[in-house]
Structures are given as C-alpha cells and as structure tokens.
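Taken in sequence, the protein lines are chains P and S. So the first sequence is numbered by the UniProt record's numbering: it starts at 1 and just counts up by one. So the second sequence is numbered by the UniProt record's numbering: it starts at 1 and just counts up by one. We put the CB at the ideal spot given by N, CA and C, even for glycine.
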Amino acid sequence: MAEYSAFALLKNALTGNQDWKPAWRKPEPKPAYDVIIIGGGGHGLSTAYYLAKEFGITNVAVLEKGYLGSGNVGRNTTAVRSNYLLPENVRFYEHSMKLWENLSHELNYNVMFSQRGCLNLAHTPGQLDDYARRGNAMRHEGVDAELMTPAQIAKLVPGLDVSASARFPIIGGLMQRRAGTARHDAVAWGYARGADRRGVDILENCEVTGFIKDGDRVVGVNTTRGEIRAGKVAVAVAGHTGHVMRMAGIDTMPIESHVLQAFVSESLKPFLHTVLTFGMGHFYASQSDKGGLVYGGDLDGYNSYAQRGNLPIVEEVMSEMLALFPSLARVRVLRSWGGVCDMSMDGSPIITTGPLPGMYLNCGWCYGGFKATPASGWCFAHTIARDEPHEFNAPFTLDRFQRGTIIDDKGQGSTPRLH
Amino acid sequence: MLITCPYCGPRDVSEYTYQGDGNRTRPDPASTDQEVWNAYVYDRLNPAGEHHEIWQHSGGCRAHLAVTRNTLTHVVSSVSFARDAGHKKSDSRRKTGAKA
Chain P
1 MAEYSAFALL KNALTGNQDW KPAWRKPEPK PAYDVIIIGG GGHGLSTAYY LAKEFGITNV
61 AVLEKGYLGS GNVGRNTTAV RSNYLLPENV RFYEHSMKLW ENLSHELNYN VMFSQRGCLN
121 LAHTPGQLDD YARRGNAMRH EGVDAELMTP AQIAKLVPGL DVSASARFPI IGGLMQRRAG
181 TARHDAVAWG YARGADRRGV DILENCEVTG FIKDGDRVVG VNTTRGEIRA GKVAVAVAGH
241 TGHVMRMAGI DTMPIESHVL QAFVSESLKP FLHTVLTFGM GHFYASQSDK GGLVYGGDLD
301 GYNSYAQRGN LPIVEEVMSE MLALFPSLAR VRVLRSWGGV CDMSMDGSPI ITTGPLPGMY
361 LNCGWCYGGF KATPASGWCF AHTIARDEPH EFNAPFTLDR FQRGTIIDDK GQGSTPRLH
Chain S
1 MLITCPYCGP RDVSEYTYQG DGNRTRPDPA STDQEVWNAY VYDRLNPAGE HHEIWQHSGG
61 CRAHLAVTRN TLTHVVSSVS FARDAGHKKS DSRRKTGAKA
C-alpha cells in the first residue's frame with residue numbers, strides 16, 4: 001500500500017501523528033558508489049529517481065552543497081508548459097508534460113500539478129501570425145494549442161485590460177490548456193523520497209571541492225564530507241556549471257550565468273485562472289493556491305551569481321504588470337528573490353555524455369528548467385545508464401555549437417541574455 | 001548598481017547596455033580555423049568572481065567601457081574606455097575531445 005494515503009492519514013491522526021517516517025534518510029557518505037550526481041535540485045533528484053526506478057541502478061549518491069531544494073527548484077515561478085516552436089524542443093518538453101500529468105500518482109506525493117493553461121497574449125498582427133505558426137508547429141507534433149480571440153480572453157481573464165485604448169491592445173493569444181503550474185518544493189521532496197526509498201543516498205551539506213581523475217577519466221570527487229569515488233559522475237548544477245566544470249579542468253563552456261528575479265504579491269481572492277504572458281515585453285504571472293500572484297520578467301541582463309538583482313528590472317516588471325492589470329496598482333509585493341540561470345548560447349539545454357570520460361553533463365536550462373524537471377531526469381538517467389542519449393535528448397549535445405546544429409527557439413543567436 | 005563612467009561620473013545601471021564578456025578577442029577575419037571561431041562565438045569563462053566585461057553608456061555619452069565587476073557581489077572595481085583597456089586575450093579554450 002502507498003505510504004501516503006487517506007487510510008495512512010486517518011491512522012496517523014488517531015495515533016497522534018507519531019509514526020510518520022522522515023521523507024528521506026540522512027546517511028553518511030559511503031566511500032564509493034556506482035553513480036554520483038552532483039546537485040540535489042529538481043534535475044539531480046529526478047535523475048536519481050529514474051536511475052533507480054527505470055534502470056535499477058540504486059547504488060547512487062546525490063550530493064547537495066546546501067539543503068535539499070535550496071537552489072533553483074525553490075526559486076522559480078512554477079510554470080509548466082510545452083509550447084515551443086522547434087520540433088526538438090516540442091518533443092522533449094511534451095515528454096516532460098506527459099510525465100507531469102502522472103507525477104503525483106507516480107511519486108505518491110501531491111505535487112499539486114494544476115493544468116490551468118498557459119496563455120501567451122498577442123498585441124500585433126505579426127505576433128499573432130507568429131503564435132499561429134507556433135501553435136501549428138505544436139499541433140503537428142500532437143501537442144494541444146489553440147488561438148483565442150479577445151472576447152474569449154476577456155471571459156477567461158476578467159481583470160485584464162482588453163480595451164482598444166490599452167497601451168498595447170490585445171488582439172488575440174495562443175493557449176495551451178494542458179499547461180499549468182506545480183508546487184515546486186513538493187517536486188523536489190517527492191523525487192527525493194522516491195529515490196531514497198529505492199536506496200539512493202541523498203547527502204546534504206556535501207559540497208564538491210574537486211574531481212578525482214585517473215588520467216583524463218573522472219573517477220570520483222572530493223567533498224566537504226570526504227572523498228567519494230564512483231564509476232560515473234553526473235553534473236546537474238544549473239547556474240554553477242561553469243565553476244564546477246573548471247574544477248574538472250574545463251575552462252570554458254557555452255554557458256553564461258545570469259540572475260533572474262521573481263516576485264510574489266500579497267494574497268488576493270482568485271482572479272487569475274491561468275498562466276499569463278505579456279507579449280509586448282517579457283512578463284508572466286500566475287496565481288498560487290494561497291492567492292499570491294507569482295510573477296517575473298526579464299533577466300537583469302548581465303553575468304551574475306549573486307542570487308539577487310537590481311531595481312531597474314523590478315520597475316520594469318511592475319510596469320508591465322500594470323499595463324495588463326491597471327487594477328493591481330495598489331497590491332503590495334510580499335517578497336522577491338533572484339536565481340542563477342545557466343543561460344546557454346542557443347537557449348536550449350545540454351544533456352549529454354562527457355565532456356570527459358566517466359562524466360555526464362546536464363545544464364543550460366536558461367530559465368526554463370522547472371518544467372523540464374521530469375524529462376530532464378528521465379533522459380539524463382537514460383544517458384548515464386546506457387552511455388548514450390535517448391532520442392529525446394540526442395539533439396541536446398555539447399558539440400552542437402561546433403557542428404552548427406544549434407536549437408535556437410527564439411532565433412537570438414549566441415547572446416545568452418536575450419534567450 | 002552604479003557604474004562610474006570616465007566622462008559622466010557615477011550613473012545608474014539602467015543608463016548602460018551590457019555588451020557581454022570582455023575576455024574575447026575577435027579572431028583574424030581571414031582565419032578559417034573552426035575551433036578558434038567556435039571558441040570566440042560560443043565559449044565563455046563565466047567566472048564566479050571578478051569578470052572583465054564591456055558596457056556601453058548608451059543613455060549617456062555612448063562610450064564603450066571596459067568594466068571589471070564581481071559577479072558574486074556586483075561590486076565594480078574598475079572602469080576604463082574599452083579602446084584603451086586592451087583586455088588580455090584569453091588563451092583558455094575548451095578542452096577538445098568532447099565526445100558528447
């Protein structure tokens with residue numbers, strides 16, 4: 001029987017809630033593992049989970065430098081969608097979407113996945129044409145997409161300024177109804193528990209300080225909790241890819257780390273029933289189950305590892321919100337934060353074997369890593385277990401930049417801050 | 001974040017446009033070495049700490065500036081005109097043999 005169930009809830013309520021087990025153990029590091037995963041965020045934990053579940057590899061350690069889920073998995077705006085243009089991206093993110101749709105059941109952990117839809121607003125005829133093209137590309141791959149008229153949008157999002165006198169009038173939008181949001185901490189905790197119950201060691205407060213090499217081959221890591229050896233070392237450290245790879249002797253990567261800010265307002269009664277994006281700037285918002293608006297905009301636009309941003313972007317995000325919802329002018333901001341994003345040179349991720357023997361790399365998530373969590377782990381686990389990529393992540397290689405097979409959904413070129 | 005322009009004095013970051021990593025030097029246009037061009041276009045040092053970068057004072061005197069800024073703290077430690085700065089060419093290249 002499932003560990004968490006209505007029956008277990010009732011039984012533990014009657015016995016004073018004394019018998020719940022911790023969701024994961026706090027083991028001491030073993031001297032060696034089959035696989036070490038550096039990074040105890042969403043992607044590292046889901047990789048460990050799928051390694052154990054799909055491939056039966058359970059002698060695995062996940063190394064987290066802080067506490068579990070203290071990085072980007074707890075710093076995002078929780079949107080989940082697969083509304084991409086290029087077929088490589090659509091297939092990968094749609095695989096993720098399908099895993100999301102069954103995730104709570106699979107993990108026996110309520111990740112509060114809510115398919116409330118994601119609506120991209122269009123403000124110019126050219127933009128609407130572009131959305132129609134993207135919607136067609138999605139439908140061609142079997143993903144749901146529909147164009148909405150201003151009347152339909154006004155009905156769906158009552159607070160929105162759809163008047164012709166708006167600063168940027170809304171002339172339509174692209175809707176993916178299966179998109180939505182999920183509870184980001186629960187995703188980390190659910191994967192952690194699922195991996196732990198299958199025998200994976202989750203080692204918190206265990207920062208990697210160097211790689212142990214035998215010739216060119218990576219055979220283990222030095223950590224703040226001692227030396228740990230492994231047959232395979234996987235790196236899933238998002239914004240910190242650059243300096244972790246430098247420890248392994250690789251000086252440059254096709255990655256820049258940038259700071260992205262996010263904001264939460266005070267709680268409001270339910271009024272925004274979908275994930276909404278503004279087309280004339282870069283703004284996206286959803287309303288959490290607690291009632292707070294969760295929203296954000298552009299990167300600050302310069303290299304940063306600071307996990308905090310500057311005020312010009314705060315002002316820009318707020319002004320974009322007010323362009324859409326003038327009625328929110330007096331709503332107070334409850335909190336804001338910054339996350340370090342691993343911006344790749346074409347805006348698409350890297351999930352691959354190498355670049356050194358014995359090493360596996362997962363990075364380049366830009367600011368789209370959260371929605372990819374299940375598929376990223378699933379594909380990375382396949383890549384680690386089989387020593388070759390799955391067809392879903394075969395296009396996302398590290399050498400695609402050299403080969404000229406970049407996957408640039410936005411067509412921005414090698415300017416990471418614009419992806 | 002304030003950047004002190006050598007012409008205009010300390011100004012808010014919103015007056016500036018980020019031009020990116022200043023560690024890169026454009027290869028000889030006549031060069032057909034794919035690896036050199038690939039490194040120039042795609043590879044970045046991306047340090048957690050002092051970073052050489054180019055900013056333009058686009059909302060002011062429009063000069064291009066060579067800035068050294070700490071990516072962990074956002075503290076700007078030096079600003080000079082990019083034409084005078086001549087940041088040292090980075091000789092680090094990605095290790096070849098990425099099998100991927």
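- When secondary structure is reduced to three states using DSSP, P:Leu10 falls in the helix class.
- At a cut-off of 9 Å between beta-carbon atoms, P:Phe55 makes no contact with chain S.
- Excluding sequence positions up to five before and after P:His123, its CB lies within less than 8 Å of the CB of Phe168, Pro169, Ile170, Ile171, Gly279, Met280, all in the same chain and listed in chain order.
- For P:Gly44, same chain residues with a beta-carbon under 6 Å away, outside a window of 5 residues either side, are Ile37, Val62, Ala236 in chain order.
- Think of a sphere of 8 Å around the beta carbon of S:Ser14: the chain P residues whose beta carbon falls inside it are Pro312, in chain order.
- S:Ser58 and S:Ser14 have their C-alpha atoms spaced approximately 9 Å apart.
- Beta-bridge partners of P:Trp337 (DSSP): P:Ala262.
- No Cβ of chain P is located within less than 9 Å of the beta carbon of S:Ala66.
- In this structure, DSSP gives P:Gly404 a state outside helix and strand, which the three-state scheme calls coil.
- Within 10 angstroms of the beta-carbon of S:Asn46 lie 16 or more other beta-carbons, which makes it buried.
- Close partners of P:Pro374 in chain S (Cβ separation under 7 Å) are lacking, with about 23 Å as the shortest Cβ gap.
- One thing to note: P:Ser96 has its Cβ no nearer than 9 Å to the Cβ of P:Ala385.
- Among the CB atoms of chain P, one or more fall inside 9 Å of the CB of S:Asp43.
- Measuring C-alpha to C-alpha distances from P:Asp346 to each of P:Thr397, P:Asn310, P:Thr352 identifies P:Thr397 as the nearest.
- In the structure shown, the three-state DSSP call for P:Val237 is coil.
- DSSP lists S:Tyr18, S:Leu65 as the bridge partner or partners of S:Trp55.
- Here P:Leu121 is buried. Its C-beta has 16 or more other C-beta atoms within 10 Å.
- Here DSSP, grouped into helix, strand and coil, assigns P:Ala285 to strand.
- P:Leu276 has P:Leu119, P:Ala285 as its beta-bridge partners, per DSSP.
- Straight through space, the alpha carbons of P:Gly215 and P:Asp129 are spaced by roughly 54 Å.
- When Cβ-Cβ separations below 9 Å define contact, P:Ile202 makes no contact with chain S.
- Contact between the segment 192 to 208 of chain P and the segment 303 to 312 of chain P is not established, with fewer than three Cβ pairs separated by less than 8 Å.
- Going by DSSP, P:Gln176 is part of the beta strand (DSSP E) stretching over 172 to 176.
- Scanning chain S for C-beta atoms nearer than 7 Å to the C-beta of P:Gly215 yields nothing, as the closest lies near 12 Å away.
- Contact of S:Asp33 with chain P is not assigned, every C-beta pair being separated by 9 Å or more.
- Per the coordinates, the alpha-carbon of P:Ser82 lies some 34 Å from the alpha-carbon of P:Met247.
- Beyond the five residues adjoining it in sequence on each side, P:Arg193 comes within less than 6 Å, by CB distance, of Ala23, Trp24 in the same chain, given in chain order.
- Within 7 Å of the CB of S:Thr73, the CB atoms of chain P belong to Ala306, in sequence order along the chain.
- Residues of chain P whose Cβ lies closer than 9 Å to the Cβ of S:Glu53 are, in chain order, Tyr302, Asn303.
- Contact annotation: P:Tyr67 and P:Asn222 have beta-carbon atoms that are not nearer than 9 Å.
- DSSP places S:Ser77 outside any alpha helix (DSSP H); the residue lies instead in the beta strand (DSSP E), whose first and last residues are 76 to 81.
- For the pair P:Ile351 and P:Val157, the Cα-to-Cα distance works out to about 37 Å.
- Selection P:Thr241, P:Met245, P:Lys213, P:Ala238 evaluated against P:Gly231 yields P:Lys213 as nearest (Cα-Cα).
- In chain P, no part has a C-beta under 7 Å from the C-beta of S:Tyr7; the shortest such distance is about 21 Å.
- Segment contact: the segment 261 to 269 of chain P against the segment 286 to 296 of chain P, three or more CB-CB distances shorter than 8 Å; contact assigned.
- Straight-line spacing of the CA atoms in P:Ser286 and P:Leu272 works out to 7 Å.
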